[in-house]
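Here the sequence shown stands for residues 1445 to 1829, numbered as in our numbering. Note sheet for the following structure.
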Amino acid sequence: MTATAHGDPRVHLDAAGLGPMPTTARAALIEWTRHEDRYGPYELEEYLDDVVHDQLRTRLTDLLRAPTGDTVLFTGSADAFSTVVSRLPLGPHDRIWTTPYEGVANLTALHAARDRTRCGLDVVPLRPDGDLDTEWMAAHIDDDVAFVSVPQVPAGFGIINPVEAIGRILAPHRCLYAVDASYAVGQLPVDVERIGCDLLTGDGWRFLRGPRFIGFAHVSRRLREALAPPGIVPLVPPHGAAVVALSAALAEHRAETPDETLTAALRTAVEEAPGTELLVPGRFQSGILAFRHERLPAAHIRRRLAARGIDVRKTVAQETPLYRPGPGFTTALRASLHQDNSPRDIERFGAALHEILAQEVPHPRARPRRATVPARGALTLVGGV
């Protein structure tokens, strides 16, 4: 943990971007990277085969509550999703469903599948409160729908999508069901069997606090057999030292839901800062909070917070291209909690944010506003996207 100029440890509120790696995981990453550099890759490969792969497979199976043997390692969630989608046996009479909360990398893969196969690509509409319209899904699902993609938590916002309820809607039908758990796994319970999905992807470096460039995918037998050709092997597997480090991080991972007290305190700190606007679509929120200021650029605020020892993330609209929380939305700030955050962290964040905005915008405090969401069906593009 690094310290500020005043000796205080930095406040890390960006677990959704890069979680703070445990000491044991960082030591494993360094040790085995150096070992490979000095002795070559063979001893590392033997160690992975003899020890780590079994450990990591067991830990991922327990974490995801997934059937044994259905988890494959990739360099990241986006790589896993693209690898699977590029091999889906789709045709011109098939349709894909996505959502307004789909991340740009996955959306790119879906567009490529549409262009390759001439299938349809439709966007599930939102309710007026920002939740996915599951009633619309139940009314429109049929056997023309071949693939459905839903993020459990999107990249830029803290909404928790009802992936289990969606799984129950889709279960009687032929469609394959994919859930992107990149911003959920590690901060929320993820249960593959309860969700009922065929594909679940995640990253190791966010809330799981592993190293960069390692992720995983649960791939059901039904999906494996449907791919052309059947089976799944990553084109580029993650580096062996990253595999060791992720296993070490998972050994220390605590399966806990977000601390509601800390989450509420984080939201209050933003609401009480001058001129802020919360971006909180939907009824159910995770430990991720997005917000923006009515006048100041997100990058400006992020830099001022960083100078005071507070780390948050600037997000851009292109991360979720189909979702626009109100007119003029281009950038926002995203604060996200991890297991080691404390009430003192939130106090320091709130004080620093209030001080920055009070200095930069010396006018009476504006009433905090809740971001608007599109009206029902506004993002449903008939004929595809």
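Ideal Cβ positions, reconstructed from N, Cα and C, are used throughout, including at glycine.
Three CB pairs or more closer than 8 Å across the stretch 1656 to 1668 and the stretch 1534 to 1549
no
Could you compute how far the alpha carbon of GLY1726 sits from the alpha carbon of GLY1659?
28 Å
Residue nearest to PRO1606 in terms of C-alpha spacing, selected from PRO1616, GLY1574 and LEU1492
GLY1574
From which residue to which residue does the alpha helix (DSSP H) around ALA1917 run?
Any question about residue 1917 goes unanswered here, given that the chain covers just 1445 to 1829.
Neighbourhood of CYS1641 by C-beta, 8 Å cutoff - its chain only, sequence neighbours within 5 removed
VAL1607, GLY1611, TYR1621, ALA1622, VAL1623, HIS1662 and SER1664
Is it true that the CB of GLU1715 sits closer than 8 Å to the CB of GLU1830?
Residue 1830 lies beyond the residue range present for the chain, which begins at 1445 and ends at 1829; the question has no answer from this structure.
Cβ-Cβ distance between ARG1558 and LEU1565 below 8 Å
yes
Can you find the residues in the same chain that come closer than 7 Å, C-beta to C-beta, to LEU1409, ignoring five residues on each side of it along the sequence?
Because the chain is modelled from 1445 through 1829, residue 1409 falls outside the range shown and cannot be assessed.
Could you compute how far the alpha carbon of PRO1808 sits from the alpha carbon of GLU1799?
Here PRO1808 scores only 46 on pLDDT, less than 50, and its place in the model is too uncertain to base an answer on.
Alpha carbon to alpha carbon, how far is LEU1766 from GLY1461? Give it in angstroms, no decimals.
21 Å
Reduced DSSP category for PHE1591 - H, G, I as helix; E, B as strand; rest coil:
Three-state result, PHE1591: strand.
Answer yes or no: do ALA1609 and PRO1655 have a C-beta to C-beta separation smaller than 8 Å?
No, they are not a contact pair.
Considering only DSSP beta bridges, list what THR1720 is partnered with.
According to DSSP, which records beta bridges pairwise, THR1720 is partnered with HIS1737.
Here's the rule: buried if 16 or more other CB atoms are within 10 angstroms of the residue's CB, otherwise exposed. What is ARG1757?
buried
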